[in-house]
Structures are given as C-alpha cells and as structure tokens.
Amino acid sequence: MTAVHAVPDAGPLTRRQHALLRFSARHALAGTGYDRQRLAIWEAFGIGVLRYRQQLMAAVRHPGAEAAEPAEVRRLRRLLDRRAHRGGVHPPETRST
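This is the structure we're talking about:
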C-alpha cells in the first residue's frame with residue numbers, strides 16, 4: 004500500500020507552507036465567521052477554503068514543520084488526532100487507494 008500524499012523526507016518548509024502555518028496561528032483564535040475566514044484566505048493566498056486546508060495539512064505533515072511553528076503544528080496535529088479518533092479524518096498513510 005502506498006501513501007496517497009507523499010511527504011518530503013527532508014528539507015525546510017517552503018515560504019508558502021510557513022505562511023500557511025503563520026496565517027493559521029494568527030486566525031485560530033480570532034473567532035471570525037466562515038465568510039470572513041473565506042475572504043481572508045482568498046485575500047492572503049488566492050485559493051478557496053478547501054485548497055487552503057489541504058495545503059495546511061500537507062504543511063503540518065512536513066518533517067520540518069514543528070521546528071518552524073511548534074505551537075501551531077502541535078495544535079493542528081492534536082486537532083487531526085481528535086478527528087481521526089472520532090472517525091472523521093484519516094491520515095493519508097492509512098487510506099487505501
């Protein structure tokens with residue numbers, strides 16, 4: 004079985020991945036509504052919410068992520084673990100193709 008999304012083995016985060024993590028940390032506790040979040044994501048990155056979340060999760064799985072933004076990466080990994088435990092989201096390594 005192969006992983007659906009390959010994660011690079013080494014190397015630092017790209018500027019975009021780092022920006023996604025910083026953006027997530029800045030807006031995590033803002034408590035803004037969905038429309039404001041969607042607009043902020045569009046203005047910052049020019050992408051929709053789904054693509055933003057996909058890219059953010061790829062950045063979280065990157066080996067160098069915790070060194071770049073330790074608190075935010077730990078928060079997002081805990082969130083992913085809770086969702087996986089509830090059966091909502093599965094890490095890409097466990098999905099079959």
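So the numbering used here is basically just the index in the sequence shown, starting at one, shifted up by 3.
Even for Gly, the Cβ is constructed at its ideal location relative to N, Cα and C.
Counted within 10 angstroms of its Cβ, other Cβ atoms place residue i as buried (16 or more) or exposed
i: Ala-68; result: buried
i: Ala-70; result: exposed
Simplified DSSP assignment, three categories, for residue i
i: Leu-16; result: coil
i: Ile-50; result: coil
i: Pro-66; result: coil
i: Glu-72; result: coil
i: Ala-28; result: helix
Whether residue i touches residue j by CB criterion (8 Å)
i: Leu-83; j: Gln-58; result: no
i: His-30; j: Gln-20; result: no
i: Glu-75; j: Ala-28; result: yes
Integer-rounded CB distance, given that residue j should sit under 8 Å from residue i
i: Leu-53; j: Val-63; result: Actually they are not in contact, since the Cβ atoms of Leu-53 and Val-63 sit about 16 Å apart, beyond 8 Å.
i: His-65; j: Leu-16; result: 6 Å
Near the ligand NAD: residue i beta-carbon under 7 Å from a heavy atom
i: Glu-75; result: In the structure shown, the ligand NAD is absent, as is every other ligand, since no ligand is present at all.
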